[in-house]
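Comments concern the structure below.
Chains as they are written, first to last, in the UniProt record's numbering: chain R, 1 to 300; chain G, 1 to 442.
Here's what the structure looks like:
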């Protein structure tokens, strides 16, 4: 197949045809993304419960109140803890599984399906099962641990162990996704590099260290950004597993937003939280983009 | 190219149209469970005086199961005897009702009538979207003194009444007779005081078999707060000050109540777990709602009884109440009047007796509680409801402040720290007081 890259500018009727073709996408994007975004910005400046006829304009008071409350900072801390935990564990494990599956192991297809299963499992259903297993008194995990002589923590009801337990579920759900993306990345690395390395006498570990990992850098950067955005929006696991407890240890920012919007009916504050989240995610992503020089990495 | 364009445009328009239609369709089917709901005609379009066909009123509520069947039967009865009105019953889940009302009020397709959780009443009353009922109450000569005052308290706002109580429930003690017997306790002697409760809980607990003595609600949220309030009132304390301007639970009574819970956990009467052990036969006792009588009568695979919730020897009986209140939304005078007639009928003694006998809800008015028909039914069919009916006179009310849900969350978050042993009883009450006061000053 021969693809020619065009150099001349688009003709006018081509532009209008393109616009018409893109129209549905533009409208849908506008209606479901741009308009709500603008509307939340407007709401974040109000004191409004969603019912009252009267909407009180309060300027940046919602933001100021949030920034001076301990809840927001506690939630940011919990969210960052969760995000780092999920990225730090699900990426290495995803890569490990991908490398093992790529090395021509027997029963590849079965393992790939098994590892991908959590990704397509309903989070709420999975969380309920985890909650039963992690119950301090009657959960299987503690029953077994006690049986073999440990005195296990109360997991989801312990301020120190609750977040690790939530992270564990997040990692369990994410490994499969990372694995699939890494597998695709691995298959695009030319075999010749490995052959050349073997000729030079590189061990398999050295091959991973000097060929696989550097060549997968763009994939890794992409996975980090995706995991970060997903983790920042964490809600359902916490809603089912801990309800933000114990004592706020897992009160992540998505759950804080939910509470303000749908329990306290403070739409102004909820929208302000949404914007704080948005600004935070956008800036971290931008910084990351810069640092990793997305996709431009060349092999020396 | 140019011949392609119109067809492309047309194709796109069709695509968009289908998208919009499919996006809107679920919204209308979700709100209607059995029968499709016609869009509520907005008041500006129909001249209020010309109603040749019956006025259609929509009634949103979250009653399901037996309660849902009963309200449907009552509505059918009303529609038959009032041909000029047609009430449409629309079920919407508890967790969805308030957000749905919120969007409906903003979007203009609000219901005429809704039955809402009493905790939401103060918030709804101040929105200006619902109709004050004083004039209707006066015109219909409703005897408000017959309703329990703690019930009507949540309906009052700005010297007006914005809702009518329609159903209520409260919390009393349930105990598992099988587990009592297994622990060598008399299954017909439930505890009467806190000391007895404490002793029985310790004796009946069996950690090796995963059985706790007295189940407590220790997860953050309103579940913890509303259970704890009972213990607080029983020790003579109050949750908020009389003027509702500050926290009042950081008192000797509050300390006594919280210490009772903490000691129960420390001494093995309870082991921190998720709520719901009693129904699984894993707790000897629990304080739970009157609505569980009907549920456990059918589903619990063990023998159980009920009793008035034990209270301290130097304290007093108390319980917390929940339930629903009916409200009417602003439309036009004709619709509002028709809606009131239905509300008045639904909350009348005659309808309420039927309603309570079918659902197991507690009486909202004295003439129901003392009606011979109701008392006979209680004795014959479900005597285990008797402690709840008795407890109704000791029922307190959660403080009617608009941001109660936020206050409840903040309170439970600090109290949980003491329950899991992170901070002392005194410190937990202190930090909870600071947090609640900060919310009340807003």
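Backbone N, C-alpha and C define an ideal beta-carbon position, used for all residues, glycine too.
- In its chain, beyond the 5 residues on either side, 247 and 250 have a beta carbon closer than 6 Å to the beta carbon of residue 433 (chain G).
- DSSP, reduced to helix, strand and coil, places residue 171 (chain G) within a strand of the structure shown.
- Across the structure, residue 115 (chain G) and residue 255 (chain G) are spaced so that their CA atoms are roughly 36 Å apart.
- The stretch 194 to 207 of chain G and the stretch 347 to 359 of chain G do not touch, with fewer than three beta-carbon pairs separated by less than 8 Å.
- Counting along the chain, residue 18 (chain R) sits inside the alpha helix (DSSP H) bounded by residues 12 to 29.
- The distance from the Cβ of residue 272 (chain G) to that of residue 136 (chain R) is about 5 Å, consistent with a contact at the 8 Å cut-off.
- In terms of Cβ geometry, residue 55 (chain G) and residue 338 (chain G) form a close pair [threshold 7 Å].
- Around residue 344 (chain G), the same chain offers 140 as residues with beta carbons nearer than 6 Å, after the five sequence neighbours per side are excluded.
- Inclusion of residue 215 (chain G) and residue 302 (chain G) in the CB contact set at 7 Å is not warranted, their separation being larger than that value.
- In this structure, the alpha-carbon of residue 372 (chain G) lies about 20 Å from that of residue 143 (chain G).
- Residue state for residue 276 (chain R) is assigned as helix, using DSSP reduced to three classes.
- Unbroken alpha helix (DSSP H) runs of no fewer than 4 residues, entirely contained in the stretch 169 to 226 of chain R, are found at 191 to 199 and 204 to 207, following chain order.
- If you compare the alpha carbons of R:292, R:242 and R:254 with that of residue 214 (chain R), the shortest gap goes to R:292.
- Between residue 281 (chain R) and residue 229 (chain R), the gap from beta carbon to beta carbon is short of 7 Å.
- Taken atom to atom, the span from the alpha-carbon of residue 150 (chain R) to that of residue 138 (chain R) is near 15 Å.
- If you ignore the 5 residues before and after residue 56 (chain R), its C-beta comes within less than 6 Å of the C-beta of 47, all in its own chain and listed in chain order.
- Inclusion of residue 270 (chain R) and residue 257 (chain R) in the CB contact set at 7 Å is warranted, their separation being smaller than that value.
- In this structure residue 414 (chain G) is buried. Its beta-carbon is surrounded by 16 or more other beta-carbon atoms within 10 angstroms.
- Listed by position along chain G, the residues whose Cβ is nearer than 7 Å to that of residue 157 (chain R) are 272 and 420.
- A residue is called buried once 16 or more other Cβ atoms fall within 10 Å of its Cβ, and residue 15 (chain R), having fewer, is exposed.
- Here the alpha carbons of residue 262 (chain R) and residue 327 (chain G) stand approximately 20 Å from one another.
- For residue 118 (chain G), same chain residues with a beta-carbon under 6 Å away, outside a window of 5 residues either side, are 154, 323 and 325 in chain order.
- Within the DSSP secondary-structure output, residue 259 (chain G) pairs in no beta bridge.
- In the DSSP annotation of this structure, the continuous segment of the alpha helix (DSSP H) that includes residue 101 (chain G) starts and ends at 94 to 107.
- Membership of residue 223 (chain G) in the alpha helix (DSSP H) is indicated by the continuous run 222 to 234.
- The three-state reading of DSSP puts residue 314 (chain G) in coil, since its state is none of H, G, I, E or B.
- According to the DSSP assignment, residue 323 (chain G) belongs to the beta strand (DSSP E) that extends over 319 to 328.
- Within the stretch 123 to 145 of chain G, the residues whose Cβ lies closer than 8 Å to some Cβ of chain R are 123, 124, 126, 127, 128 and 129, listed in chain order.
- Annotated three-state conformation of residue 283 (chain G) is strand, per DSSP.
- Against chain G, the CB of residue 53 (chain R) has a partner CB under 7 Å away; the residue lies at that interface.
- Residue 122 (chain G) places its beta carbon 7 Å or farther from that of residue 58 (chain G).
- In the three-state reduction of the DSSP assignment, residue 271 (chain G) falls in the coil class, being assigned neither a helical nor a strand state.
- With respect to the 7 Å criterion, residue 220 (chain G) and residue 364 (chain G) are not classified as neighbours on the basis of their beta carbons.
- Distances from the CA of residue 382 (chain G) to each of G:243, G:293 and G:257 were compared; the closest alpha carbon is that of G:293.
- Annotation: the continuous alpha helix (DSSP H) that includes residue 240 (chain R) extends over 236 to 241.
- Residue 283 (chain G) counts as buried, since no fewer than 16 other beta carbons sit within 10 angstroms of its beta carbon.
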